[in-house]
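Student:
Number of protein chains: 2
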Amino acid sequence: MKKIINDPENFEREMLEGICAAYGDKVGLLEDDPKVLVSKYPVRDGKVGIVTLGGSGHLPVFLGYVGQGMLDACAVGNVFASPSAKVMTDAIRYADHGNGVLCLYGNYGGDKLNTAMAREEADFDDIETAEVIVADDICSSPVETKENRRGVAGMVYAFKIAGASADNGDDLQTVAANAEKALANIRTMGAALTPCIVPRAGEPGFTIGDDEIEIGMGIHGEPGIEVRKMITADELAETLFAPINAELQLGEGDECSVMINGLGATPLEEQFILYRKIAQLIEGCGASIVMPHVGEFATSMEMAGVSLTIFKLDAQLKELLLQDANTPFYTTANK
Amino acid sequence: MKKIINDPENFEREMLEGICAAYGDKVGLLEDDPKVLVSKYPVRDGKVGIVTLGGSGHLPVFLGYVGQGMLDACAVGNVFASPSAKVMTDAIRYADHGNGVLCLYGNYGGDKLNTAMAREEADFDDIETAEVIVADDICSSPVETKENRRGVAGMVYAFKIAGASADNGDDLQTVAANAEKALANIRTMGAALTPCIVPRAGEPGFTIGDDEIEIGMGIHGEPGIEVRKMITADELAETLFAPINAELQLGEGDECSVMINGLGATPLEEQFILYRKIAQLIEGCGASIVMPHVGEFATSMEMAGVSLTIFKLDAQLKELLLQDANTPFYTTANK
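If you read the protein sequences in the order shown, they are chains U and H.
First residue of the first sequence? That's 1 in my numbering, and the numbers climb one at a time after it.
First residue of the second sequence? That's 1 in my numbering, and the numbers climb one at a time after it.
#1: Whole angstroms is fine: what's the gap from glutamate 222 of chain U's alpha carbon to leucine 102 of chain H's?
#2: Among the residues of its own chain, which have a CB less than 8 Å from the CB of phenylalanine 159 of chain H, if the five just before and after it don't count?
#3: Taking the alpha-carbon positions, what's the glycine 77 of chain H to glycine 55 of chain H distance?
#4: With a cut-off of 8 Å, does the C-beta of asparagine 185 of chain U fall near any C-beta of chain H?
#5: Is phenylalanine 206 of chain H close to chain U? Criterion is C-beta to C-beta, closer than 8 Å.
#6: I need the boundaries of the alpha helix (DSSP H) containing tyrosine 108 of chain H, first residue and last residue.
#7: Please compile the residues from chain U whose C-beta is within a distance smaller than 7 Å of the C-beta of isoleucine 19 of chain H.
#8: Can you tell me the Cα-Cα spacing of glutamate 269 of chain H and isoleucine 310 of chain H, whole angstroms?
#9: Inspect the beta-carbon positions of leucine 322 of chain H and glutamate 255 of chain H and report whether they are closer than 8 Å.
#10: Please list, in chain order, the chain U residues whose beta carbon lies closer than 8 Å to that of asparagine 261 of chain H.
#11: For the region 75–89 of chain U, list every residue whose C-beta sits within 8 Å of some C-beta in chain H, in sequence order.
#12: Within a Cβ cutoff of 6 Å, which residues of the same chain sit near alanine 233 of chain U, ignoring the five residues on either side of it in sequence?
#13: What did DSSP end up calling cysteine 74 of chain H once you bin it into helix, strand or coil?
#14: Please list the partners that leucine 29 of chain H has in chain U, where partner means a Cβ-to-Cβ separation under 8 Å.
#15: So what's glutamine 249 of chain U in DSSP terms, helix, strand or just coil?
#16: For glutamate 116 of chain U, is the classification buried or exposed, using 16 other Cβ atoms within 10 angstroms of its Cβ as the cut-off for buried?
#17: Among the candidates U:Glu120, U:Ile244, U:Gln249, whose CA atom is the shortest distance from the CA of cysteine 139 of chain U?
#18: Near aspartate 96 of chain H, what residues of its chain come up, given a Cβ to Cβ distance below 6 Å and the 5 sequence neighbours on each side ignored?
#19: Helix, strand or coil for asparagine 178 of chain H, going by three-state DSSP, please let me know.
#20: Taking lysine 146 of chain H as the reference, give the member of H:Glu247, H:Pro292, H:Gly100 with the closest Cα.
#21: For arginine 276 of chain H and glutamate 17 of chain U, I'd like the C-alpha separation in whole angstroms.
#22: Between glycine 110 of chain H and serine 141 of chain H, is the Cβ-Cβ spacing less than 8 Å?
#23: With distance defined between alpha-carbon atoms, name the residue in H:Glu203, H:Asn148, H:Asp125 nearest to alanine 135 of chain H.
#24: For proline 328 of chain U, which residues in chain H fall below 8 Å Cβ to Cβ?
#25: Near cysteine 413 of chain U, which residues of its chain fall below 6 Å by C-beta distance, leaving aside the five closest residues on each side in sequence?
#26: Applying a beta-carbon distance threshold of less than 8 Å, which residues of chain H neighbour aspartate 234 of chain U?
#27: What number of angstroms, rounded off, separates the C-alpha of proline 60 of chain H from the C-alpha of leucine 29 of chain U?
#28: Excluding the five sequence neighbours on either side, which residues of its own chain have a C-beta within less than 6 Å of the C-beta of glutamate 302 of chain H, listed in chain order?
#29: Got a sec: is the Cβ-Cβ distance from serine 307 of chain H to anything in chain U below 8 Å?
#30: Consider the Cβ of tyrosine 94 of chain H: report whether some Cβ of chain U lies at a distance smaller than 8 Å.
#31: Rank H:Val79, H:Gly46, H:Ala162, H:Asp90 by C-alpha distance to the C-alpha of glutamate 31 of chain H and give the top, closest one.
#32: Could you name the residues of the region 281–292 of chain H whose beta carbon sits closer than 7 Å to any beta carbon of chain U, in the order they occur along the chain?
#33: In the DSSP assignment, the beta strand (DSSP E) including leucine 29 of chain H goes from what residue to what residue?
#34: Counting C-beta neighbours from all protein chains within 10 Å, is the total for glutamine 271 of chain H 16 or more, i.e. buried, or is it exposed?
#35: Which chain U residues are close to lysine 2 of chain H, counting only those with a beta carbon under 9 Å from its beta carbon?
#36: Would you report the Cα separation of threonine 174 of chain U and lysine 47 of chain U, rounded to the nearest angstrom?
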């Protein structure tokens, strides 16, 4: 196994220590629960807290969005594994500033179960909570059962919108409603070219042929909807855009944000070649792009591949998207 | 070949079109020479211009640093190939605001030759130029002949320092002297785990064994100094740090910036595990770290591996490093 790691058993702890060594003035670990990464950025009194949880191996997702204008805390699991309910409870406790906490996270069984238990614990502490579940991956379930879809890169936009709403002083119900509204307008579809290696396993859990691309694969290697012979960037753009736009229906005068997300090993050059065609397709609908995101936002370690997320905006969502946010891994400085 | 591209012949043009589609309000291509990417950020009257040149395939190097507080223009070559002297001349012409232009670039034969010709052309136009050559890769030549070393990730720090100096209104000689001073205190060493594929070639130009790491490999696959069986992250940290620090001699009370640079396919998780140990080694010298850089700054497409750059600071260099800069690919927002 060629990974720049020490003992695989220490992968998550050493990663967290590295992040805190680099950005200890901005984020930190809870002393009595060092699987909770928390924001040290200043917050306004009584701000609604926002927390997420999830397995490691997806940086910057999840913990990379802890900071100003996004998440207050993140419960960190082992690679591709949910953290415990206790860890999530500690994250909620930290994030509460007296006006409740939104649990905003991806639609995975372990994360749902642990969040449910953590919310019960928080209730004993008289901390009000709400939850919004991210289910943006259109390949993981048909539109008729879209509540079953997995949460992938679109969660970054959801963190951004909820975080901006909370920063504005909105109450818990409003922050949750804004996250829901954003997610109703967010769709993602991905494709993978290579597998990735879970450190404790030491070898890939699946294979993709040397001349093949798997359309719709999940960020943990969940099977996609189709394995194809390798296609061009323009063909891939059309393959990803059409099903997304069948649901979002971009039209004349619409505005949207676009995220081209590298899954880990895909060069930026290739991401911009893909973006070029996506921008043409969106322009072809008469729509325009606001604040494009091109780079690595939700990865699967060293997996090669990309996902496309489109976020259809209205005036309110656009304003929340453009509002300032800063974390060690994300900034609106160049929006 | 599994790359998200169209015709390999169009790789650079389509990448540039994608970048301009995404960030057209911040950067653009010269209409009569669309291989020159230029900054559209506002500049103060008479600012010294800063330009670079180099082959494609290293994003964000080189063109990603065109913007406010770094480069005014970049002459873009094909993958791993220098752009022509004409392209570099056009970049210099754009960057001149009446007080001359610094050509700041990596130590590669084609880039040196083309810059020499471009500077002669600029001289005919009465544009004053200076040049500073980046040669930070300590594995590419011994210290006795360090002028022969290649330029790698350390150039990002050189762009930052020269750009800040120019933004402050310093004259051409001062900007060049500050870049030279920075580079005298910058050293880089890298290691590769996998090769990369040049699009027009379609297959890797070299191989690295499945259980091997090549220490000191260049960002175009230039041979390193040693091939080893895979080592741990902590061993790699010591392997990279010791030769760098033999030259920089970090000691009690010193400050430095550290860049852990992913070469393309190395997960951020692994980069932070490496950073953790580097931070311990620097602390062990009694020195401290200012404004760490962890991520992809100078890549080699889908090559797996990392480089370590250390930049030893004094008060002046620290101030220039911390000064604001913004490009589509780089920001000091979270310094």
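Built from N, CA and C at the ideal position, the CB exists for glycine as well.
Nothing here was measured: the structure is a model prediction, and the numbers come from that model.
Tutor: Let me spell this out:
#1: Taking the first sequence and counting its residues from 1, one reaches residue 222 of chain U at position 222. Taking the second sequence and counting its residues from 1, one reaches residue 102 of chain H at position 102. Computed Cα separation, rounded: 51 Å.
#2: Translated into positions along the second sequence, residue 159 of chain H becomes position 159. So the qualifying residues of the chain are Ile50, Thr52, Tyr65, Met70, Leu71, Leu104.
#3: As a working note, residue 77 of chain H is residue 77 in the second sequence. As a working note, residue 55 of chain H is residue 55 in the second sequence. Approximately 4 Å, taken between the alpha carbons.
#4: Along the first sequence, read from residue 1 onward, the residue named residue 185 of chain U stands at position 185. Judged by the 8 Å Cβ criterion, asparagine 185 of chain U is not in contact with chain H.
#5: Counting from one through the second sequence, the residue named residue 206 of chain H turns up at place 206. Judged by the 8 Å Cβ criterion, phenylalanine 206 of chain H is not in contact with chain U.
#6: Position 108 of the second sequence, counting from 1, holds the residue named residue 108 of chain H. Segment: none, tyrosine 108 of chain H is in no alpha helix (DSSP H) and carries neither H nor E.
#7: Locating residue 19 of chain H in the second sequence gives position 19, counting from the first residue. Correct list: Phe272.
#8: Numbered from 1 along the second sequence, position 269 holds the residue referred to as residue 269 of chain H. Numbered from 1 along the second sequence, position 310 holds the residue referred to as residue 310 of chain H. Cα-Cα distance, rounded: 20 Å.
#9: In the second sequence, counting from the first residue as 1, residue 322 of chain H sits at position 322. In the second sequence, counting from the first residue as 1, residue 255 of chain H sits at position 255. No. Outside cutoff.
#10: To locate residue 261 of chain H, count along the second sequence from 1; it is residue 261. By Cβ distance, chain U contributes nothing, its closest Cβ being about 12 Å from asparagine 261 of chain H, past 8 Å.
#11: none
#12: Here residue 233 of chain U refers to the residue found at position 233 of the first sequence. Ile273, Leu274.
#13: Taking the first residue of the second sequence as position 1, residue 74 of chain H is located at position 74. Here cysteine 74 of chain H sits in strand by DSSP.
#14: Within the second sequence, residue 29 of chain H is the residue found at index 29, counting from 1. Within 8 Å Cβ-Cβ: nothing; leucine 29 of chain H doesn't reach chain U, min ~13 Å.
#15: Taking the first residue of the first sequence as 1, we reach residue 249 of chain U at position 249. Three-state result, glutamine 249 of chain U: coil.
#16: What you label residue 116 of chain U is simply residue 116 of the first sequence in a count that begins at 1. As written in the sequence, residue 116 of chain U is alanine, which differs from the glutamate given in the question. It counts as exposed.
#17: Here residue 139 of chain U corresponds to residue number 139 of the first sequence, with the count starting at 1. The candidate whose alpha carbon is nearest that of cysteine 139 of chain U is U:Ile244.
#18: Locating residue 96 of chain H in the second sequence gives position 96, where the first residue counts as 1. So the list reads Gly49, Ile127, once near-sequence residues are dropped.
#19: Against the second sequence, residue 178 of chain H aligns to sequence position 178. Of the three classes helix, strand and coil, the one that applies to asparagine 178 of chain H here is helix, per DSSP.
#20: For the purposes of this step, residue 146 of chain H is taken as the residue at position 146 of the second sequence. Answer by Cα proximity: H:Glu247.
#21: In the second sequence, residue 276 of chain H corresponds to position 276, counting from 1. In the first sequence, residue 17 of chain U corresponds to position 17, counting from 1. Cα to Cα, arginine 276 of chain H sits roughly 6 Å from glutamate 17 of chain U.
#22: Taking the second sequence and counting its residues from 1, the one referred to as residue 110 of chain H is at position 110. Taking the second sequence and counting its residues from 1, the one referred to as residue 141 of chain H is at position 141. No.
#23: In the second sequence, counting from the first residue as 1, residue 135 of chain H sits at position 135. Nearest option by C-alpha distance: H:Asn148.
#24: Taking the first sequence and counting its residues from 1, one reaches residue 328 of chain U at position 328. Correct list: Asn334.
#25: Look at the range of chain U in this structure, 1 to 335, and you will see that residue 413 of chain U is not part of it.
#26: For this step, residue 234 of chain U is matched to residue 234 along the first sequence. What aspartate 234 of chain U touches in chain H: Asn6.
#27: Here the question's residue 60 of chain H lines up with position 60 in the second sequence. Here the question's residue 29 of chain U lines up with position 29 in the first sequence. Looking at the two C-alpha atoms, the distance is approximately 31 Å.
#28: Translated into positions along the second sequence, residue 302 of chain H becomes position 302. Contacts found: Cys196, Gly264, Ala265.
#29: Locating residue 307 of chain H in the second sequence gives position 307, where the first residue counts as 1. No, serine 307 of chain H lies away from the interface with chain U (no Cβ there is under 8 Å from its Cβ).
#30: Counting from one through the second sequence, the residue named residue 94 of chain H turns up at place 94. Not an interface residue.
#31: Here residue 31 of chain H refers to the residue found at position 31 of the second sequence. Considering only alpha carbons, the answer is H:Asp90.
#32: Pro292
#33: For the purposes of this step, residue 29 of chain H is taken as residue 29 along the second sequence, with counting starting at 1. Element bounds for leucine 29 of chain H: 27–30.
#34: If you number the second sequence from 1, residue 271 of chain H lands on position 271. Buried, by the Cβ-count rule.
#35: Sequence index remark: in the second sequence, residue 2 of chain H carries index 2 (1-based). Going along chain U in sequence order, the residues near lysine 2 of chain H (Cβ under 9 Å) are Leu193, Thr194, Ile208, Asp210, Asp211, Glu212, Ile213, Met230, Ala304.
#36: As a position in the first sequence, residue 174 of chain U is number 174, starting the count at 1. As a position in the first sequence, residue 47 of chain U is number 47, starting the count at 1. In a straight line, the C-alpha of threonine 174 of chain U is about 12 Å away from that of lysine 47 of chain U.
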